[in-house]
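Enquirer: One structure is given below, represented as structure tokens, and several questions about it will come after.
Residue numbers (my numbering): 105 to 389.
Shown next, in the form of structure tokens:
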């Protein structure tokens, strides 16, 4: 079973996690920039963090046979802090880096006017740089947050098919699918989704354009949840091809939109793919 975790915060994890992930079949990850738990007080702290995601973390992952890419953005929570907002002016010089395969995480936390502004601005940055967008749907009042997100996406220059709507669940999946974007689900020990609920959604809505991630971070989380979902899918009667579509080809297809996805260490290369995830092209520029 080959696994691509499309949303995991390895900055918060140990090298033991990398070792266990490789043993479980993980060969590629995307690490979105996010809130680190301690509020940042200036754009400079974002830039140090971005540099680590572009340099140190790919090096650390490679020691364990895992390819690492990232997404960069001003996250929704810190979009409300005027001290952090100037990082939007710094993002363009980072979004041209080869390791950056999307703008993200962007979206909503508390659904404030400041978050509206940051989301719209970063969707435009994604369109300007030919990148897809990883969108964080809020943990509270999820359906209202999803609807507000879809409204902003429709008003933007970025096509819905270049948007991954993440942290979905049973209350949001139907409208998210109707919106034309990619569908992301985070599988967590206590919150968000679990393996059984994920399998039930896959049975109802199918595996097309579905990405499953662990979103493992500094909280109680499990970087092996992707593997556990794959095992649960097989136990529920899904085929190995279904599992490969969800856990490998769909992430390759979505992040391949960037033209920068390079998966040499996983035994394949891709910078672009069809929405079915079947096209393999050249390595990153």
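Cβ coordinates follow ideal geometry from the N, Cα and C atoms, glycine included.
Is DSSP giving residue 209 helix, strand or coil here?
Expert: Position 105 of the chain shown, counting from 1, holds the residue named residue 209. Reduced to three states, the DSSP call for residue 209 is strand.
Enquirer: If you compare alpha carbons, which of 159, 214, 166 is closest to residue 204?
Expert: Translated into the one-based positions of the chain shown, residue 204 becomes position 100. It is 159 whose Cα lies nearest to the Cα of residue 204.
Enquirer: To which residues of the same chain is residue 112 closer than 7 Å at the C-beta, ignoring the five residues directly before and after it?
Expert: Counted from its first residue, the chain shown places residue 112 at position 8. The residues are 133, 135, 317, 318, 319, 320, 327.
Enquirer: Provide the residue span of the alpha helix (DSSP H) that contains residue 293, from first to last.
Expert: The residue labelled residue 293 in the question sits at position 189 within the chain shown. Careful: residue 293 lies outside any alpha helix (DSSP H) and carries neither H nor E.
Enquirer: Between the Cα of residue 278 and the Cα atoms of 342, 305, 292, which residue gives the shortest distance?
Expert: Working through the chain shown from its first residue, we reach residue 278 at position 174. Checked all of 342, 305, 292; the closest Cα to residue 278 is 305.
Enquirer: With distances taken Cα to Cα, identify the nearest neighbour of residue 299 among 348, 273, 137.
Expert: Looking up residue 299 in the chain shown gives position 195. When only C-alpha atoms are compared, the closest one is 273.
Enquirer: With DSSP as the reference, identify every bridge partner of residue 108, one or two as the case may be.
Expert: Numbered from its first residue, the chain shown carries residue 108 at position 4. For residue 108, which the question treats as bridged, DSSP gives the partners 132.
Enquirer: How is the alpha helix (DSSP H) around residue 270 delimited, first residue to last?
Expert: In the chain shown, counting from the first residue as 1, residue 270 sits at position 166. No alpha helix (DSSP H) contains residue 270, which is instead part of the beta strand (DSSP E) from 267 to 270.
Enquirer: Using 8 Å as the Cβ pair cut-off and three pairs as the minimum, do the region 170 to 179 and the region 197 to 211 touch?
Expert: Contact between the region 170 to 179 and the region 197 to 211 is present, because at least three Cβ pairs lie under 8 Å.
Enquirer: Buried or exposed: which applies to residue 244, given that a residue is buried once 16 or more other Cβ atoms fall within 10 Å of its Cβ?
Expert: Counting from 1 along the chain shown, the entry for residue 244 is found at position 140. So residue 244 counts as exposed.
Enquirer: Leaving aside the five residues before and after residue 253 along the sequence, list all residues of the same chain whose C-beta is less than 8 Å from its C-beta, in chain order.
Expert: Position 149 of the chain shown, counting from 1, holds the residue named residue 253. 211, 212, 223, 239, 241, 269.
Enquirer: Identify, in the order they occur along the chain, each residue of the same chain with its Cβ nearer than 6 Å to the Cβ of residue 342, setting aside the five sequence neighbours on each side.
Expert: Translated into positions along the chain shown, residue 342 becomes position 238. Cβ within range, chain order: n/a, list empty.
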